[in-house]
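Position one of the sequence shown corresponds to residue 1 (UniProt numbering), numbered consecutively onward. Read the structure below first, then the notes.
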Amino acid sequence: MHRYLLSLQGHPALVYSRAQKLTCRYQDECAHSRDASSITRLQQTFRLWVRWLPVALSGIPLTFEWLVVLPGYSSALQWLSRAGGGPKIPKNLAFIRRTCTTSEPRRSDSRRRPLHLYNFLLLNWLHGTPYILQPLILSADTTSVLQPGRPRAPLCAYLSRNHLQLPQICTRRFTDTQLPKHISKDLPVASKHKKSQNMSSTSLFGMAADDTRILGQDPLIPPALLTTEIPLTDNATKTVLKGRNDAADIVLGRSDRLLVVVGPCSIHDPPMAHEYAARLKALADKLSGDLCIVMRAYLEKPRTTVGWKGLINDPSIDNSFEINKGLRVSRQLFVDLTNNGMPIASEMLDTISPQFLADCISVGAIGARTTESQLHRELASGLSFPVGFKNGTDGNLGVAIDAIGAAAAKHHFMGVTKQGLAAITRTKGNEHGFVILRGGTYGPNFDKESVQAAKKTLEEKKQKMAIMIDCSHGNSQKNHNNQPKVAKVVGDQLREGEKAIIGVMIESNINEGNQKVPAEGPSALKPGVSITDACIHWEDTVTVLEDLAEAVRTRRQVNGSSA
């Protein structure tokens, strides 16, 4: 059985669901059949593509509608070359097909560069990348980018191999195809006497005014395709939802357990993450009556200056920045962890990656560098799980409390859909926000006095008493050996009956400390050791969590409550 391309014309938001309903399934031999009805059906399926694509390739200004490619054939070009009795391949289309299938290396001369750019965009589009090719506007004395001929201007000045938008003017020598009069008379004419014009101008004939510092843009896999390729299992879904409900109950005061977000500073080695999760799952089950343990699984890292940005951004840890690979590796990891019963927490560092991963997450966090960001507050207002906001890097708690209020409100903002399209997003607001005290440049804020001051500020701003203590970062003075000491102070406050402290965050790994990526590359890294912030080792983690569980039991006795 083969699936074929399905060309749908209409609003992009409707195409994905419509394509699922209208998927055409044919036997492979049907494509080669001389049966008139089969050929007619195939021709009808591709009538928009066959009718309009050659026109656009010939230089007629045209906006392509979205094209959905279904598995089976790699592209419409392959179908056209194999479908016996199908539509005749236009000259320009045959030319581009031969170029796409050739095994010779890409030539660097300017004659072929625009063709390769067009192929790059076209084939990614035909594979389902949901962007719209912009109209190709040609002046009266030019022709299509596909027409051979010596260019009168360096095309590389206008074109970038990975650029998603075709230029307004593509200066090619007129050779054979004369644009229709009713088309050409309405187009801007590029005068042959404009060569001396200042190229820094923003006019139609000069260099582009935007993207002057953009080296290129590569297609990003749409979230809907990735989540279909790597779906959540039923067991994973149950784990995610239970983790969310348990965390929400703690944040809202309906449960007196302690929410514990514990795990590596960042994940760079999925096998080691699985080993850590297996250990943590056993401990979480043992302490489940007192602690709600969620594994810290951070895939993106904010950097004060520069550095490794996380598994999504650079999964190979070699500055190759294979983000599509990183998204696949990350989602597979999240699905596997939750399928094994381990709920996870992660930081929301940008506004796009949650579309790929948010369905796997039970607890979210907004970091100290982004708590004050309007974009992240708007994002948090639409997330389906509790979100903690850290105080600023200077220790300012006000920005975190303001963020809770902002995230609880409804918002309208520009976002990205599951199909990868720009859209106006409307949110309900997230009432499950809480503050995270992580210390700052002016000192730690995990002690009793700091907690009481935070409670007072929360009360003044009419926010719920829900405080999580980050045992790392500013509170540990960036020394991982201080984390157990911070946790001990937090435990002492719990033993005194403090109800406002609803959770802790701990950076922990199988082995303690951290390491730099060696010159030999990631293959020489020590297993189970962080490559970002230093972490406490597993044995200390067990001791800290058992002590916190005992502190929760004591708090119940002091407050006269039961589990």
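Positions of the beta carbon are idealized from the N, C-alpha and C atoms, including for glycine.
Restricted to the stretch 370 to 423, the beta strand (DSSP E) segments that are unbroken, complete and at least 3 residues in length are 387 to 390, 411 to 416, listed in chain order. The beta carbon of G497 is closer than 7 Å to those of R555, V558, N559 in its chain, skipping five residues each way along the sequence. Straight across, the Cα-Cα distance linking S362 with A345 is about 6 Å. Contact between N391 and L397 is confirmed by a C-beta separation of about 5 Å, below the 8 Å threshold.
It is roughly 28 Å from the alpha-carbon of A284 to the alpha-carbon of P315.
Residue burial is scored here from C-beta neighbours: Q355 has at least 16 other C-beta atoms within 10 angstroms and is therefore classed as buried. In the structure shown, T233 adopts coil according to DSSP, grouped into three states. Burial check for H411: the Cβ neighbour count within 10 Å reaches 16 or more, so the residue is buried. In this chain, the beta strand (DSSP E) harbouring D470 covers 467 to 470. Setting aside the 5 residues that flank it on each side, T541 is surrounded in the same chain by S508, each with a C-beta closer than 6 Å to its C-beta; the list follows chain order. In the DSSP assignment, N514 is bridged to S530. K238 and V399 have their C-alpha atoms roughly 34 Å apart. DSSP places M272 inside the alpha helix (DSSP H), whose first and last residues are 270 to 286. In summary, M348 is buried, with 16 or more beta-carbon neighbours lying within 10 Å of its beta-carbon over all protein chains present.
For T351, the secondary structure class from DSSP, reduced to helix, strand or coil, is coil. Judged by DSSP secondary structure, I436 falls within the beta strand (DSSP E) whose first and last residues are 433 to 437. G443 is bridged by DSSP to G440. With contacts defined as CB atoms closer than 9 Å, H432 and V387 qualify as a contacting pair. In the structure shown, L357 adopts helical secondary structure according to DSSP, grouped into three states. Between the stretch 411 to 421 and the stretch 437 to 447, the count of Cβ pairs shorter than 8 Å is below three; the stretches do not touch. Taking 8 Å as the upper bound for CB-CB distance, R331 and I230 are in contact here, some 5 Å apart. Relative to P518, the option among T371, R296, P527 whose CA is nearest is P527. Per DSSP, reduced to three states, the secondary structure at E507 is strand. Around A534, the same chain offers H480, G513, N514 as residues with beta carbons nearer than 6 Å, after the five sequence neighbours per side are excluded.
Between the C-alpha atoms of N340 and N235 there is a straight-line separation of about 8 Å. Taking C-beta atoms under 8 Å as the contact rule, T543 and C265 fail to qualify, at a distance of about 19 Å. Per the C-alpha coordinates, the member of A406, K325, K428, L548 positioned closest to D218 is K325. With fewer than 16 neighbouring CB atoms inside 10 Å of its own CB, I214 falls in the exposed class.
Per DSSP, A453 is one residue of the alpha helix (DSSP H) stretching across 448 to 460. Cβ-Cβ separation between R279 and W538: approximately 6 Å, consistent with a contact (criterion under 8 Å). Counting along the chain, R296 sits inside no alpha helix (DSSP H); it lies in the beta strand (DSSP E) bounded by residues 291 to 296.
The criterion of a C-beta distance shorter than 9 Å is satisfied by L337 and A297.
Per the coordinates, the alpha-carbon of L226 lies some 37 Å from the alpha-carbon of K478. In this structure, L232 and D359 form a Cβ contact; the two beta carbons are roughly 6 Å apart against a cut-off of 8 Å. Between M342 and K281, the beta carbon gap of about 5 Å places them in contact (Cβ cut-off 8 Å).
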